[in-house]
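Here is the structure we will look at.
Residue numbers (our numbering): 126 to 824.
This is the structure we're talking about:
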């Protein structure tokens with residue numbers, strides 16, 4: 126953001142963006158009678174800061190104003206905090222309030238920057254150019270670069286509110302959902318193939334994607350994940366707890382880190398060495414899930430029924446296989462596969478009604494003994510926390526769970542309550558990092574002391590904003606993307622680990638693996654959002670067995686098992702073409718562009734959503750591929766998270782990445798004569814157009 130030391134000059138006739146709608150805009154007059162329309166931001170020492178409707182901040186001596194306006198400015202400082210906004214504030218007004226807090230933090234950073242040998246900041250970075258902005262906002266909202274036509278349309282648009290319009294359009298596009306899924310899947314460690322035999326996370330993945338597409342609020346999604354019961358294919362949200370089936374303590378540590386920004390993993394084994402959390406407190410929190418099982422229980426029966434049903438069915442299954450003429454070796458292979466197939470149905474979230482959690486055998490502290498039973502108790506961050514509604518509505522004054530709620534329901538309601546001291550703050554801090562490359566508190570999984578952050582007022586305000594927009598992540602990001610801070614040029618100076626950053630603009634950073642891959646898909650496919658993963662519902666239908674049903678017979682199991690084994694063949698059948706079929710226009714001159722849709726022999730299914738391929742690469746967006754991609758895939762080599770750790774992706778460059786960009790399959794895909802790029806170039810007549818197309822901001 127530009128900053129001036131004089132009131133007038135470039136400020137006097139600043140063009141106002143349509144729809145900026147800043148709060149408390151008035152006309153200010155200086156001692157020479159010159160005027161400017163702006164809103165009050167702050168007074169620091171002998172200087173005043175005003176903000177014009179284009180978002181620019183202007184700092185100059187308070188004495189430059191007329192005596193009347195000096196008095197008005199001093200009254201404005203005394204009457205209300207700079208970030209105060211109404212409950213129904215527009216995105217522009219909410220963005221302005223954030224900008225003021227960021228700007229105040231920038232001005233307050235002078236001493237700290239001087240101490241570490243850096244020049245004090247004058248204000249925001251210069252505004253990003255249209256070329257810079259269009260590329261950035263496409264990558265940050267949709268996870269891909271813009272096409273040539275998309276970039277050209279934006280750059281040539283003369284409307285003053287075109288950036289706001291573009292943000293709104295992209296937030297409502299399929300690309301937003303795809304890119305948000307990539308982020309949440311990395312955060313939640315979402316996997317397609319889980320550690321349990323034959324258990325896939327497909328229903329959980331589908332549930333997550335559908336909730337993102339429908340813009341379900343974050344508090345509702347979180348509550349559903351923490352309280353879900355049943356099999357994953359009956360309730361996709363159950364996938365969250367089943368992701369760590371049989372590991373309730375690990376799951377709790379991940380839950381606190383992800384949803385509350387509270388890192389207490391060390392307290393699982395001993396008192397936390399760097400925080401106040403104790404091992405006993407950790408087990409008290411884990412006790413909220415002490416009556417919840419993720420293995421071995423089925424609806425209407427106890428855990429032994431799984432094994433009993435397997436033993437009952439296998440002799441009948443073997444008899445049917447023998448009658449079919451199958452030899453012994455083949456039957457042994459089928460026997461093992463069937464046992465794993467049936468066993469996948471043991472993965473079920475259920476509440477037992479009996480809390481079995483006890484302290485570990487090696488517990489060494491004086492406040493309890495090894496093996497002692499542990500009652501649920503909520504942690505606090507301050508002495509005043511227990512008076513907040515999130516506590517009083519879920520536990521008694523003594524800390525016991527209220528009788529009308531199960532422990533898991535009480536815990537989940539406490540986590541997601543607007544008054545929880547960390548829930549809104551944790552997700553707001555995460556969304557801020559998505560836009561700027563660094564959290565106000567970083568790492569985002571450890572908001573130990575918000576007051577020690579680089580800008581405590583900003584962090585607190587963002588949490589309040591998250592609550593105000595009712596945990597609507599799309600609306601929250603709409604505000605962030607409209608800030609002057611976000612629309613500034615990227616900061617390229619090196620920020621050392623642990624060094625404070627004041628958000629004068631987004632940090633310059635490398636694309637994520639998913640952004641790089643999806644950008645390749647944009648170049649290869651034209652409209653990558655048209656190509657979706659197929660047949661996901663067939664997995665849920667084929668894997669599901671009601672082991673509590675005494676009428677379940679061997680014939681039914683074999684029919685469903687064969688359907689399960691047939692999934693891979695059906696998915697391969699949906700590979701309908703190659704590079705020549707990509708793009709919205711068909712190139713009939715060379716016989717290219719034939720429809721990838723085909724009808725499989727003996728099947729009634731028209732493969733209308735066939736995927737394209739190049740070699741062994743399936744040409745779909747990252748969110749539509751296996752989660753995570755298989756070893757050796759572009760995504761893995763470029764740092765896609767293996768989904769074992771929270772936020773486990775990497776942006777570290779490597780020689781293999783450079784070689785892949787230069788002569789790997791992805792590069793071959795773009796330089797192939799059948800590629801969309803080459804076919805587009807064939808249609809361009811003039812030399813200047815041939816240069817413009819591949820050299821546009823989209824490329």
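Just so it is clear, CB atoms sit at the ideal spot from N, CA and C, and this is done for glycine as well.
Query	Result
Backbone secondary structure at residue 364 - three-state DSSP	helix
Segments assigned alpha helix (DSSP H), at least 4 residues, entirely inside the segment 304–389	327–338, 343–352, 364–367 and 373–385
Any non-hydrogen atom of the ligand MG within 7 Å of residue 513 CB	Of ligands this structure carries none, so the ligand MG is not represented either.
Segment limits, alpha helix (DSSP H) that includes residue 166	It is not in any alpha helix (DSSP H) - residue 166 instead sits in the beta strand (DSSP E) that spans 160–169.
Strand pairing of residue 176, partner residues [DSSP]	164 and 182
Environment of residue 809 [buried if 16+ CB atoms lie within 10 Å]	exposed
Own chain partners of residue 401 with C-beta closer than 8 Å, once the 5 adjacent residues on each side are dropped	none
Assigned secondary structure, residue 723 (DSSP; H/G/I helix, E/B strand, else coil)	Residue confidence is low: residue 723 scores 45 on pLDDT, short of 50, so the model does not pin down where it sits. Its coordinate-derived value is still stated next. Here residue 723 sits in coil by DSSP.
Outcome for residue 297 when other beta-carbon atoms lying within 10 angstroms are tallied against a minimum of 16	exposed
Integer-rounded CB distance, given that residue 386 should sit under 8 Å from residue 551	4 Å
Among 686, 690, 684 and 736, nearest to residue 708 - alpha-carbon criterion	736
Environment of residue 686 [buried if 16+ CB atoms lie within 10 Å]	buried
Beta carbon of residue 791 nearer than 8 Å to that of residue 656	no
Per-residue burial, residue 638 [other beta carbons within 10 Å of its own, 16 or more giving buried]	buried
Residue 669 versus residue 440 - alpha carbon distance	20 Å
Nonlocal neighbours in the same chain, by C-beta distance under 6 Å from residue 614, ignoring five residues either side	250, 251, 253 and 630
Residue 805 versus residue 796 - alpha carbon distance	12 Å
Exposure of residue 662, with buried meaning 16 or more beta-carbon neighbours within 10 Å	exposed
Supposed close pair residue 419, residue 478 - CB separation, criterion 8 Å	Rounded, the Cβ-Cβ distance is 16 Å, inconsistent with contact.
Coil, strand or helix - residue 154 by DSSP	strand
Three CB pairs or more closer than 8 Å across the segment 466–482 and the segment 308–327	yes
Three-state secondary structure assigned by DSSP to residue 434	helix
Residues near residue 481 in its chain [Cβ-Cβ closer than 6 Å; skip 5 each side]	415
Residue-level contact to chain D via CB, residue 350, 8 Å cutoff	This model lacks chain D altogether, as it is built from one protein chain only.
Contacting residues, own chain, Cβ-Cβ under 8 Å from residue 575 (five flanking each side not counted)	550, 566, 581, 584 and 585
Cut-off 6 Å between Cβ atoms - residues of its own chain near residue 363, not counting five sequence neighbours on either side	353, 355, 357 and 474
Limits of the unbroken beta strand (DSSP E) element including residue 700	700–702
Cβ contact check for the segment 328–347 and the segment 592–605: 3 or more pairs under 8 Å	yes
Rounded Cβ spacing between residue 764 and residue 775 (contact assumed at less than 8 Å)	4 Å
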